[in-house]
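Let me begin by presenting the structure, written as structure tokens, before commenting on it.
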Amino acid sequence: MKLRLEILAVLATLDWVRVEAGAALEPLQEISDHKDFKKILRTKTNVLLLFVESTRSAKPLISICQDVASKVKGSGSIFLVNCGGDGKKLCKKHKVDPSPTIMKHYKDGDFHKDYDRKENVQSLTNFLRDPTGDIPWEEDTAAEDVVHVTDPLNLSKLMKPGSKPMMLMAYAPWCKFCKIMKPDYAAAATELKGFAVLAAIDVTRPETSIVSKFLNVTGFPTLFYFENGEVKQRYEGENKKDDIVSFMRNPVAPPPKPVEKPWAEETEHVIHLTEADFDVELAKHRSALVLFYAPWCGHCKRIKPEWETAAGELKTAGVDGILAAVDVTKHKSLGERFGVTGYPTLKYFSLGELQFDAGDVPNSRKSEGIVEFMKDPKEPPLPPPPELPWSESGGDVVHLTEETFRTFLRKKKHVILMFYAPWCGHCKATKPSFEEAATHFAENPKVAFAAVDCTEQGKLCSQQGVTGYPTLKYFSYFDKEQQNYREGRDTKSFIAFMEGLLGIRPAAGQAKKEDKDKFEWKSVPGGEHVKVLSQDNFEESLKSSEGTLVMYFAPWCGHCKAMKSDYAAAAAALHAAGNKKTFLASVDCTQEQDLMKKANVQGFPTLKFYKGSELAFEYDGGRSKEDLLAFALDPKPQQRRPAVADQPPANIGFDWASLPGGSEVLVLTKENFGDALQSVDAALVMFYAPWCGHCKAMKEAFALAAAEVKTGSKSGEKLAMAAVDCTVDRDLAQTYGIRGFPTLKLFKKGKFASDYSGSRSKDALASFLLNPAEFQRKQDEEDERRAKENEFDWKKIPGGENVLVLNKDNFVESLEPVEAALVMYYAPWCGHCKSMKNDYALAAESIKKDGIDTFRFAAVDCTVETALAESAGVRSFPTLKYYSKGKFVSDYRRGRKRDDLVSFSKSPPSPDSNQEDFWKNVPGEAQVLKLNGEGFHTELKKHEGALVMFYSPGCRRCEDAKAAFAGAAKDLKSNEIDRFVMASVDTEVDGQLAQLLQLAGKPPSFLYFHHGEHLEDYRGDHERKKFVSFALSKVGDKANSDGADVEELDWPAFPGGSNVKVLTGDNFEKELKALDVALVLFKAPGCRHCRAMQRDYAFAAQTVSEQNIPRIALAAVDASLHPKVADSFGVEGFPALKIFHGGVFVDDYHGDRTYEHLVRLLIEETGKVKRGKEEL
């Protein structure tokens, strides 16, 4: 029967899923008393408060919230607060002034965030179902051309006879492969708009679970192709935009997969054993190595030819021994008998008796290693025991989880908290110092040093804005004060930071003499003019001058040392200028802790400006001599960032509201970007970084322009100046290809229109939006003026006549005849371009004199040749690109001095380079996979994991890193870790590949790929053991046992264990469909955490069984034996617990794994199913 008709037939029996049009909804419960508000937060974990100016003005939204409240009943609550009525006091207490509405969300009794999504039923419902999760795909503006299916009825409408061709993507919000594919799928939907429909459905929702059943979705993402309303086939092609578009325009069925012959039918030298002849055959041989395998196992397929080759060599050499193999999928009793828990497993026998496991035999998956072993079979040494988790290794560091985090921090006055990952090299380096500091304060009840493992507590780390490891934060009574810890990571720095907070004065002689000596001001030129303040002279010295800038420092502080010479030089310059109004002074906080405490100094260096003896403000400007001198001559408050306590640490950007006109700057984030830009006709968006000097220099002009644009539009258009902090919203920066700061882009009705490359003055910025024609006229005049005053008249620069000046007319014809050329893309106003122009011209002259006519230095003025710059992907100046016979080869990333340029010109990389010169004579280089652009993705798709080093041959950092990288490749190979490879790409040969992957910064770059998909960058140290550790972290948890001596989970051995339903790949779907509720544990042999929870899990299974509740169970899957099942549900680590209703996956369980919590969870899930049946 047609699937469309099946779904419609089922829908006829599911009227209960629809709310009747005239059905009355319960009114929102209104609260006005603060005590009621506190009670709600104590008793409910997921609360949304709707604050309204008046119930009349907010009537539409109140109606929407009523509908949402009915949908999320039991999992979330919405309450109404009327600030114009009885709730006026409550609104005032919470400083809420709605005009006309504001919605605030509270989670687990604490304020979580202001609601910032669309105000409709679907968006609010999605938010309350998962308030900490990502914005649902259907609300993503980049996917507006994807048809989002919300329920079976919605799907049936798309499946009408005669409808357009359709592809349907069944996905899960948590599925990482789905997330990777989404941008390509959305882009394909846009390109195919009008020709075909690309739809998507989240099949993890209760209302869509029936679609999952009918389509038999067992993994994510799964794509179906529909034609004339019927499913024709599953799409099994590549998940890239071009591949999807190509398929939809020519939907060809995939060719039938070739049937693979059983190994036993095509073997030549390997003996294949069965249950019938196993003991008899092995009893004949003094030496036998047996391979237990599964035909579908990738590692087994790779070892098969090596096994055959080795068996032949043993026979030829007359070695007394055989190689045998057992297909465990056919002869399961042999697998059970010898404890086979993963594939391939190697075991060594003599005269029919098992002697030892051979999985750890060196090079045992290569023919040469197998032959070597069989010539002299010896038991390999036991592998070293795994390193204990930090939380289990003892010590004075307190290890926190999501359950203990808030409770513990609320009891402590001073806590330094370290968010870490076990594989992180910097975390391991910090750990000993952190532990020593914790021991130092172990007896102080006010102080604690704590840690959170982000690989175990990912949700908690995400809530705390952790984006890298280690992240260190300071807490005082949890939310009384929070800030990033920015001091040193050595023991002394941790202790000094805490002692500063505690107001402890170091004991006599405790401060190291060498540290004190290092900060003697008199030893620095100009330092004699820095006033040294103490408790004795502080007040008197400050009263004697109109203004004093005081630097509070610690002698051990690196930042203090770095600015010492500039501070002294500024003091000397003031003295030389005869300035008597403002002085520069200093306080050594290790000696003057009373002064430090009085000034509330939290970190070093801290600079404060005093008028007389009264504190005026804190200095937050630049720390160079010029910045300090400019301030001292005209002391004014600097623009400061918002206090840490006022906002999350991650969102430290420009404080636009404090600038004149800055309140009109539209501050954009990834949450509001699309909606905000669509609400205006045109917007000029500044992508910036708070630390960027050029951004700081133009922010005031940008803010003033925003005010002028807001009030100056005469056409009635809504115009705006907007800003994105790229250090916070990195995804936005990546989406729009931001490679330098500031970058300005014009958007019209939410769509990117063009880049802005004009002046950064207030008038130019405002004119660009208000009067584009006048702006263009002035721009043309400016270009003409610059051309006349052009400092880049190459003929006037010594050696410049040898630089080939390119334009759109001569670009191709000039470069095609040249074997190699370096092209400098520049702007005449660019300071860096001016700095290097002389070296560039002299380099051109040098090779001319040396008679090198196969290489040319060329230049393009990007202010004139804008089309050339755009086609070359130029984002900043100067950009240097290497060409061979007119074709782009790579970006030039070496030095910009004359000698560097000449060196490059004399031996430019060949476009056909095979990387041999770079890796020559490096130990382990044979194990590094050398890649090029042509087969890059095809090759990487073959490997589960790959770390790729993108290098430049002339780069010193690349030279320093290559030995460690190749050594790591050798270590992985010798330990037979075949699923992970170390690979390399020469960016000077494959520059287009580097450009495609948006590599930024100086080489080398290290990118991690999973089956050909780029998932993350490696940012650790360039050390051999760090590379190996990173690789193991990616394949470690799911690695098969390979015969390792691990303890299997034996359920019947535990009380109640017989009640745990054991699932396999064969019975998984059938068993779960027969159950209303099931909690499934995905486990692996050797997993400590799995063993730790086994007793509670078995006891909980017994309790559920004794209650005689039908169709409820706790189940378990051994992922090492059934990896396909684990992969289909996105299992990436163990243990993993997942909840199923009627065989359909509902949610992951991340709570406590104790008996009480497991039983409570099953009871709650049973209640949900029961309520659903009652409604039905």
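Numbered according to mature numbering (1 follows the signal peptide of the UniProt record, and there is no 0), the sequence shown spans residues -21 to -1, 1 to 1155. Each residue gets a CB set at the ideal place from its N, CA and C atoms; glycine is no exception.
### Query
Cβ of Ser963 within 7 Å of Cβ of Val907?
Position 984 of the sequence shown, counting from 1, holds the residue named residue 963. Position 928 of the sequence shown, counting from 1, holds the residue named residue 907. A contact, by the Cβ cut-off of 7 Å.
### Query
Going by C-alpha distance, which of Phe583, Asp336, Asn954, Pro777 is nearest Arg877?
Here residue 877 is taken as the residue at index 898 of the sequence shown, counted from 1. Ranking the options by Cα distance to Arg877, first place goes to Pro777.
### Task
Would you check if the segment 821 to 832 and the segment 748 to 759 touch, i.e. whether three or more CB-CB distances between them fall below 8 Å?
no
### Query
Do Val176 and Val126 have their CB atoms nearer than 7 Å?
As a first step, residue 176 must be located in the sequence shown, where it is residue number 197. As a first step, residue 126 must be located in the sequence shown, where it is residue number 147. Yes.
### Query
Do you know offhand how far Phe517's Cα is from Ala676's?
As a working note, residue 517 is residue 538 in the sequence shown. As a working note, residue 676 is residue 697 in the sequence shown. C-alpha separation (whole angstroms): 35 Å.
#### Entry: Where the beta strand (DSSP E) containing His811 begins and where it ends
Residue 811 sits at position 832 when you count from the first residue of the sequence shown. Looking at the DSSP string, His811 is not in any beta strand (DSSP E); the run it does join, the alpha helix (DSSP H), is 810 to 828.
### Message
Can you tell me where the beta strand (DSSP E) holding Tyr327 begins and where it ends?
### Response
On the sequence shown, position 348 is the one that residue 327 refers to. Start and end: 324 to 329.
### Task
Tell whether a beta-carbon distance below 7 Å holds between Leu480 and His393.
Looking up residue 480 in the sequence shown gives position 501. Looking up residue 393 in the sequence shown gives position 414. Yes, the Cβ-Cβ distance between Leu480 and His393 is below 7 Å.
### Task
Pick helix, strand or coil for Lys50, following the three-state DSSP scheme.
Numbered from its first residue, the sequence shown carries residue 50 at position 71. Looking at Lys50 - three-state DSSP - the assignment turns out to be helix.
### Ordered list of alpha helix (DSSP H) runs contained in the segment 182 to 268, each at least 4 residues
188 to 194, 220 to 228, 242 to 245, 257 to 261
### Query
Taking DSSP as the reference, what is the three-state secondary structure of Ser886?
If you number the sequence shown from 1, residue 886 lands on position 907. If DSSP states are grouped into helix, strand and coil, Ser886 belongs with coil.
### Task
Identify whether Phe457 lies in helix, strand or coil by the three-state DSSP scheme.
The residue labelled residue 457 in the question sits at position 478 within the sequence shown. DSSP places Phe457 in coil when its eight states are reduced to three.
### Task
Identify every residue that forms a DSSP beta bridge with His916.
Residue mapping note: residue 916 aligns to position 937 of the sequence shown, counting from 1. According to DSSP, His916 bridges with nothing at all.
### Query
For the alpha helix (DSSP H) that Gly374 lies in, which residues bound it at each end?
By one-based count along the sequence shown, residue 374 stands at place 395. Looking at the DSSP string, Gly374 is not in any alpha helix (DSSP H), and its letter there is neither H nor E.
### Query
Quick one: Cα of Val511 to Cα of Glu571, how far?
To locate residue 511, count along the sequence shown from 1; it is residue 532. To locate residue 571, count along the sequence shown from 1; it is residue 592. Cα to Cα, Val511 sits roughly 11 Å from Glu571.
### Query
So, is Arg1132 buried or exposed, given that buried needs 16 or more other C-beta atoms within 10 angstroms?
By one-based count along the sequence shown, residue 1132 stands at place 1153. Per the 10 Å Cβ criterion, buried.
### Query
Alpha carbon to alpha carbon, what distance is there between Trp1030 and Val1039?
Mapped onto the sequence shown, residue 1039 falls at position 1060. Mapped onto the sequence shown, residue 1030 falls at position 1051. One C-alpha to the other measures close to 7 Å.
### Query
If you run the structure through DSSP and keep just helix, strand and coil, what is Thr722?
Counting from one through the sequence shown, the residue named residue 722 turns up at place 743. If DSSP states are grouped into helix, strand and coil, Thr722 belongs with the strands.
### Beta-bridge pairing of Phe43 - partner residues as DSSP gives them
As a working note, residue 43 is residue 64 in the sequence shown. The question names Phe, but residue 43 in the sequence shown is Ile. Answer by DSSP bridge pairing: none, since Ile43 is not bridged.
### Message
Measuring straight from C-alpha to C-alpha, what distance separates Lys816 and Thr169?
### Response
Counted from its first residue, the sequence shown places residue 816 at position 837. Counted from its first residue, the sequence shown places residue 169 at position 190. Each residue's alpha carbon lies about 45 Å from the other.
### Task
Run the CB neighbour count on His1001, radius 10 Å, all protein chains shown included, and call it buried at 16 or more, exposed below.
As a working note, residue 1001 is residue 1022 in the sequence shown. By the neighbour-count rule (16 or more Cβ atoms within 10 Å), His1001 is buried.
#### Entry: Stretch-stretch touch, CB-based, cutoff 8 Å, three pairs: the segment 263 to 273 with the segment 326 to 341
yes
### Query
Val960 bridges to which residues according to DSSP?
As a first step, residue 960 is located in the sequence shown; it is residue number 981 there, counting from the start. Ala925.
### Message
When you compare the segment 59 to 70 with the segment 105 to 117, are there three or more beta-carbon pairs, one atom per stretch, that lie closer than 8 Å?
### Response
no
### Message
Please state the DSSP three-state secondary structure of Val853.
### Response
Against the sequence shown, residue 853 aligns to sequence position 874. It is coil, neither helix nor strand.
### Task
Give the single residue among Ala823, Lys864, Thr722, Pro230 whose Cα lies nearest to the Cα of Val791.
As a first step, residue 791 must be located in the sequence shown, where it is residue number 812. Here the closest residue by C-alpha is Lys864.
### Query
Of the residues Val1110, Gln514, Leu1140, Pro983, which one's Cα is nearest the Cα of Lys941?
To locate residue 941, count along the sequence shown from 1; it is residue 962. Per the Cα distances, Pro983.
### Message
Quick check: does the Cβ of Ala408 come within less than 6 Å of any heavy atom belonging to the ligand GDP?
### Response
You won't find the ligand GDP in this model; it holds no ligand whatsoever.
### Query
Checking contacts by CB at 7 Å: is Arg21 closer than that to chain B?
Given the protein chain composition of this structure (a single chain), no chain B is represented.
### Task
Let me know if residue 1209 comes out buried or exposed under the rule of 16 or more other beta-carbons within 10 Å of its beta-carbon.
No statement about residue 1209 is possible, as the shown extent of the chain runs from -21 to 1155 and does not include it.
### Message
Just to confirm, is the Cβ distance from Gln436 to Glu381 under 7 Å?
### Response
For the purposes of this step, residue 436 is identified with residue 457 of the sequence shown, where counting begins at 1. For the purposes of this step, residue 381 is identified with residue 402 of the sequence shown, where counting begins at 1. Yes, they are a contact pair.
### Message
Under 8 Å, with one C-beta from each stretch per pair, do the segment 661 to 678 and the segment 716 to 734 reach the 3-pair mark?
### Response
yes
#### Entry: Given 8 Å, three or more beta-carbon pairs between the segment 570 to 590 and the segment 515 to 530
yes
### Task
List the endpoints of the continuous beta strand (DSSP E) containing Arg835.
As a first step, residue 835 must be located in the sequence shown, where it is residue number 856. 834 to 840 is the span of the beta strand (DSSP E), which, as asked, contains Arg835.
### Query
Is it true that the CB of Met700 sits closer than 7 Å to the CB of Val646?
Counting from 1 along the sequence shown, the entry for residue 646 is found at position 667. Counting from 1 along the sequence shown, the entry for residue 700 is found at position 721. No, they are not a contact pair.
### Query
Hey, how far is the Cα of Ser603 from the Cα of Lys576?
Numbered from its first residue, the sequence shown carries residue 603 at position 624. Numbered from its first residue, the sequence shown carries residue 576 at position 597. Going from the Cα of Ser603 to the Cα of Lys576 covers about 27 Å.
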